[in-house]
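Trainee:
Residue numbers (the UniProt record's numbering): 1 to 637.
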């Protein structure tokens with residue numbers, strides 16, 4: 001029946017196990033609410049004309065008492081309440097209402113009336129609440145949907161000195177996405193195989209990270225004896241998310257682990273192999289060995305050292321077991337062809353280099369760790385988890401997913417993925433089928449961005465569409481309806497890289513003063529062209545040592561609530577701020593317009609990701625002019 005309701009209706013159910021609540025809440029828009037209960041007791045057990053009080057009458061009376069008083073526990077004004085009498089006709093429901101409910105603000109409705117006329121009757125029972133009352137209901141009965149306001153980008157540049165105590169919640173689409181399949185029917189559980197999987201595909205700013213975090217919290221609290229793992233692509237987002245969650249919820253549940261994928265892989269490697277893996281800090285050590293052995297044994301190989309290192313990582317990422325596997329593996333997306341004899345030479349070189357790396361320095365490639373774990377095939381020795389949630393899944397390698405499946409194998413657990421197909425700047429576009437995940441019929445698309453403005457998102461999408469070659473089936477078109485128009489991204493040209501740093505410092509101070517914007521509402525992302533030491537020194541001198549949070553420093557945590565966050569562009573996926581400053585992107589911008597190259601596609605997606613971190617304003621500061629292909633998308637200062 002509820003599907004017959006026209007308009008913006010939401011049916012809510014409180015999932016907290018330690019909180020009594022009505023069976024459902026019916027909500028229209030944000031402010032109109034109705035409390036709903038279902039009573040399945042037949043009338044003959046409730047008939048008020050009976051000589052003795054029955055056990056069913058006692059249960060019914062207790063339910064009505066709780067329904068009458070539940071608002072007081074949430075500190076909200078009285079709601080209207082409806083009890084659907086599943087075992088009574090209209091006359092019987094009326095008799096029970098006269099006996100038990102008259103004057104108590106509770107309506108009774110028969111099953112027949114509910115099914116046949118509910119779509120017309122229920123809207124009349126809704127009661128409008130104030131914004132504060134709505135927040136009180138959401139905070140008490142649906143706390144898992146609350147978002148940390150300190151870093152939300154849902155605000156405007158409006159000077160307002162009134163008290164601002166508004167609380168922020170996931171919108172209904174985001175909240176629904178986070179709660180999909182939390183309780184599968186038995187039949188569906190059997191059909192799901194060894195674990196269920198649900199994929200959320202969303203545009204930048206659609207709240208994917210918050211959805212995954214919300215679901216992780218729900219699972220951790222709903223199943224306190226089960227282990228929940230949330231995997232995130234980079235360190236800054238782990239830090240930022242934990243900081244936000246602790247501000248809203250206090251302590252993170254003990255059974256919930258939020259960690260980077262590489263951190264988790266290293267942890268599993270130590271669990272299985274009982275030693276600490278060592279990886280090279282820089283690629284030069286590996287490419288030096290590649291150069292030595294190729295010159296010695298395979299001088300005719302055409303790919304350069306960087307491409308060969310990338311091919312070694314491809315071998316690891318796809319869990320190629322031996323030469324026979326490598327000769328037949330699909331290499332689509334690698335960007336260069338290899339004949340059979342060349343593959344044989346690459347495999348021989350791979351074995352020589354990795355063996356020498358291990359023998360001489362005790363080092364392994366980062367990409368080798370998940371391959372080692374997958375080839376060992378010992379799920380019984382891995383730390384078990386019942387629920388795994390993956391944020392930014394478009395960046396995960398096939399070997400990572402294979403390891404996730406191994407980890408879930410013993411527990412027959414659940415897997416939940418969040419991804420943005422427009423954002424992936426890896427060479428090989430991820431195929432869910434290729435990594436053994438069946439997401440057909442289990443995918444929800446989120447096209448509305450809540451983070452950024454129409455001007456910024458439109459510019460980012462035009463840049464991406466004009467440069468990359470994307471399969472229309474893979475591209476997720478944003479829904480711009482209802483978005484704030486905003487101002488176009490701003491480009492500032494500075495004379496030198498040193499001037500870029502000074503200009504960025506001045507721009508941050510200007511936004512802080514002109515818009516009365518806290519430092520925590522801003523984010524600075526820097527590329528490889530930036531002098532990080534000079535950048536941090538300048539910012540600390542301008543704003544204070546305790547006001548700069550280097551999110552790529554694993555030992556750095558904010559010592560002040562109002563800190564300016566800085567991070568590398570490569571590690572920025574999942575971060576957001578009202579105002580984002582981009583510096584040191586000269587090389588990236590130049591490579592974004594190398595027509596027809598793989599690098600062009602990679603860097604265009606990286607630039608798209610960086611641009612869409614901004615909520616209200618985006619400022620790009622560079623010591624070189626913008627390439628003509630994208631210059632028109634920016635307002636030039």
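Where a beta carbon is used, it is the ideal one built from N, C-alpha and C, also for glycine.
Measure how close the beta-carbons of residue 583 and residue 459 come, nearest whole angstrom, since I'm counting them as under 8 Å.
Mentor: If you number the chain shown from 1, residue 583 lands on position 583. If you number the chain shown from 1, residue 459 lands on position 459. Residue 583 to residue 459, Cβ: 18 Å. No contact.
Trainee: Any chance you could list the beta strand (DSSP E) runs of at least 3 consecutive residues sitting entirely within the region 515-590, in chain order?
Mentor: 522-526, 548-550, 564-568, 577-583, all fully within the region 515-590.
Trainee: Roughly how many angstroms lie between the CA atoms of residue 420 and residue 589, to the nearest whole one?
Mentor: Counting from 1 along the chain shown, the entry for residue 420 is found at position 420. Counting from 1 along the chain shown, the entry for residue 589 is found at position 589. Distance between the alpha carbons of residue 420 and residue 589 is about 22 Å.
Trainee: At 3 residues or longer, what runs of the beta strand (DSSP E) sit wholly inside the region 19-58?
Mentor: Segments of the beta strand (DSSP E) lying fully in the region 19-58: 24-28, 32-42.
Trainee: Quick check on the burial criterion: 16 or more other C-beta atoms within 10 angstroms. Buried or exposed for residue 475?
Mentor: As a working mapping, residue 475 is identified with position 475 in the chain shown. Answer is exposed; the Cβ neighbour count stays below 16.
Trainee: Are residue 316 and residue 367 touching if we call contact CB-CB under 8 Å?
Mentor: Looking up residue 316 in the chain shown gives position 316. Looking up residue 367 in the chain shown gives position 367. Cβ atoms of residue 316 and residue 367: closer than 8 Å.
Trainee: What are the partner residues of residue 218, as DSSP defines its beta bridges?
Mentor: Sequence index remark: in the chain shown, residue 218 carries index 218 (1-based). In the DSSP output, where bridge partners are listed per residue, residue 218 has none listed.
Trainee: If residue 518 sits next to residue 562, beta carbons under 8 Å apart, how far is it from one beta carbon to the other, in whole angstroms?
Mentor: For the purposes of this step, residue 518 is identified with residue 518 of the chain shown, where counting begins at 1. For the purposes of this step, residue 562 is identified with residue 562 of the chain shown, where counting begins at 1. Contact holds; Cβ gap of about 5 Å.
Trainee: What residue does the beta strand (DSSP E) around residue 273 start on, and which one ends it?
Mentor: Taking the first residue of the chain shown as 1, we reach residue 273 at position 273. Segment 261-273 is the alpha helix (DSSP H) holding residue 273; no beta strand (DSSP E) there.
Trainee: How many angstroms separate the CA atom of residue 427 from the CA atom of residue 270?
Mentor: The residue labelled residue 427 in the question sits at position 427 within the chain shown. The residue labelled residue 270 in the question sits at position 270 within the chain shown. With a pLDDT of only 41 at residue 427, under the threshold of 50, the placement of this residue in the model should not be trusted; the figure read from the coordinates follows. About 30 Å.
Trainee: Taking all protein chains shown into account, decide if residue 73 is buried (16 or more other Cβ within 10 angstroms of its Cβ) or exposed.
Mentor: Taking the chain shown and counting its residues from 1, the one referred to as residue 73 is at position 73. Residue 73 should be labelled exposed.
Trainee: Whose C-alpha, out of 67, 56, 44, 42, is nearest the C-alpha of residue 641?
Mentor: With the chain covering only 1 through 637, there is no way to say anything about residue 641.
Trainee: Have a look at residue 266 and residue 379 and give me their C-alpha separation to the nearest angstrom.
Mentor: Reading the chain shown from its first residue, position 266 is the one you call residue 266. Reading the chain shown from its first residue, position 379 is the one you call residue 379. Going by the C-alpha atoms only, they are around 15 Å apart.
Trainee: Where do the N-terminal and C-terminal ends of the beta strand (DSSP E) with residue 334 fall, by residue?
Mentor: Counted from its first residue, the chain shown places residue 334 at position 334. Counting along the chain, residue 334 falls outside any beta strand (DSSP E), and DSSP gives it neither H nor E.
Trainee: Of all the options 330, 402, 313, 326, which has the alpha carbon lying nearest to the alpha carbon of residue 364?
Mentor: As a first step, residue 364 must be located in the chain shown, where it is residue number 364. Measuring from the Cα of residue 364, the nearest candidate turns out to be 313.
Trainee: What do you get for residue 163, buried or exposed, if any count of 16 or more other CB atoms within 10 angstroms of its CB means buried?
Mentor: Residue mapping note: residue 163 aligns to position 163 of the chain shown, counting from 1. A caution first: residue 163 carries a pLDDT of 37, below 50, which makes its placement in the model unreliable, though a value can still be read off. That one is exposed.
Trainee: Apart from the five residues just before and just after residue 285, which ones in its own chain have a Cβ nearer than 6 Å to its Cβ?
Mentor: The count along the chain shown starts at 1 and reaches residue 285 at position 285. Same-chain partners within the cutoff: there are none.
Trainee: According to the Cβ coordinates, are residue 60 and residue 41 closer than 8 Å?
Mentor: For the purposes of this step, residue 60 is taken as the residue at position 60 of the chain shown. For the purposes of this step, residue 41 is taken as the residue at position 41 of the chain shown. The answer is yes: Cβ separation under 8 Å.
Trainee: Per DSSP, residue 389 forms a beta bridge with which residues?
Mentor: The residue labelled residue 389 in the question sits at position 389 within the chain shown. In the DSSP output, where bridge partners are listed per residue, residue 389 has 230, 416.
Trainee: For the structure I just gave you, are there three or more beta carbon pairs, one from the region 214-224 and one from the region 253-263, closer than 8 Å?
Mentor: Enough Cβ pairs lie closer than 8 Å, so yes.
Trainee: Could you compute how far the alpha carbon of residue 541 sits from the alpha carbon of residue 129?
Mentor: Numbered from its first residue, the chain shown carries residue 541 at position 541. Numbered from its first residue, the chain shown carries residue 129 at position 129. Their backbone Cα atoms lie some 49 Å apart in a straight line.
Trainee: Please classify residue 20: is it buried, with 16 or more other beta-carbons within 10 angstroms of its beta-carbon, or exposed?
Mentor: As a working note, residue 20 is residue 20 in the chain shown. The residue is exposed, with fewer than 16 neighbouring Cβ atoms inside 10 Å.
Trainee: Taking the straight line between their C-alpha atoms, what separation do you get for residue 402 and residue 436?
Mentor: As a position in the chain shown, residue 402 is number 402, starting the count at 1. As a position in the chain shown, residue 436 is number 436, starting the count at 1. If you take the alpha carbons of residue 402 and residue 436, they lie about 8 Å apart.
Trainee: On the DSSP bridge assignment, give the partners of residue 614 in chain order.
Mentor: Counting from 1 along the chain shown, the entry for residue 614 is found at position 614. In the DSSP output, where bridge partners are listed per residue, residue 614 has 577.
Trainee: Which first and last residues belong to the beta strand (DSSP E) in which residue 9 is found?
Mentor: In the chain shown, residue 9 corresponds to position 9, counting from 1. 9-12 is the span of the beta strand (DSSP E), which, as asked, contains residue 9.
Trainee: Which one or two residues does DSSP pair with residue 197 in a beta bridge?
Mentor: Here residue 197 refers to the residue found at position 197 when the chain shown is read from its first residue. In the DSSP output, where bridge partners are listed per residue, residue 197 has 415.
Trainee: Taking the alpha carbon of residue 389 as the reference point, which residue from 527, 258, 38 has its own alpha carbon closest?
Mentor: In the chain shown, the residue the question calls residue 389 occupies position 389. Taking only the C-alpha atoms, the option nearest residue 389 is 258.
Trainee: Can you look up residue 85 in the DSSP assignment and give me helix, strand or coil?
Mentor: Against the chain shown, residue 85 aligns to sequence position 85. DSSP places residue 85 in strand when its eight states are reduced to three.
Trainee: Just checking, does the region 96-116 make contact with the region 75-87 on the three C-beta pairs under 8 Å criterion?
Mentor: Contact between the region 96-116 and the region 75-87 is present, because at least three Cβ pairs lie under 8 Å.
Trainee: Does the Cβ of residue 440 have 16 or more other Cβ atoms within 10 Å, making it buried, or fewer, making it exposed?
Mentor: Stepping through the chain shown from its first residue, residue 440 is reached at position 440. With fewer than 16 Cβ atoms within 10 Å of its Cβ, residue 440 is classed as exposed.
Trainee: Buried or exposed for residue 320, going by 16 or more other Cβ atoms inside 10 Å?
Mentor: In the chain shown, residue 320 corresponds to position 320, counting from 1. Buried, since its Cβ has 16 or more Cβ neighbours within 10 Å.
Trainee: Decide if the region 226-236 is in contact with the region 567-579; the criterion is three or more beta carbon pairs, one per stretch, under 8 Å apart.
Mentor: Yes, since at least three Cβ pairs between the region 226-236 and the region 567-579 fall closer than 8 Å, the two stretches touch.
Trainee: Once DSSP output is grouped into helix, strand and coil, what is the label at residue 383?
Mentor: Along the chain shown, read from residue 1 onward, the residue named residue 383 stands at position 383. The answer is coil: DSSP assigns residue 383 none of H, G, I, E or B.
Trainee: Suppose you measure from the CA of residue 405 to the CA of residue 119; what does that come to, to the nearest Å?
Mentor: Sequence index remark: in the chain shown, residue 405 carries index 405 (1-based). Sequence index remark: in the chain shown, residue 119 carries index 119 (1-based). For residue 405 and residue 119, the distance between alpha carbons rounds to 44 Å.
Trainee: Does the region 138-146 come within contact of the region 85-101, defined as at least 3 CB pairs closer than 8 Å?
Mentor: Contact fails: fewer than three Cβ-Cβ distances are below 8 Å.
Trainee: DSSP beta-bridge partners for residue 443?
Mentor: On the chain shown, residue 443 is found 443 positions in, with the first residue counted as 1. Paired residue(s): 199.
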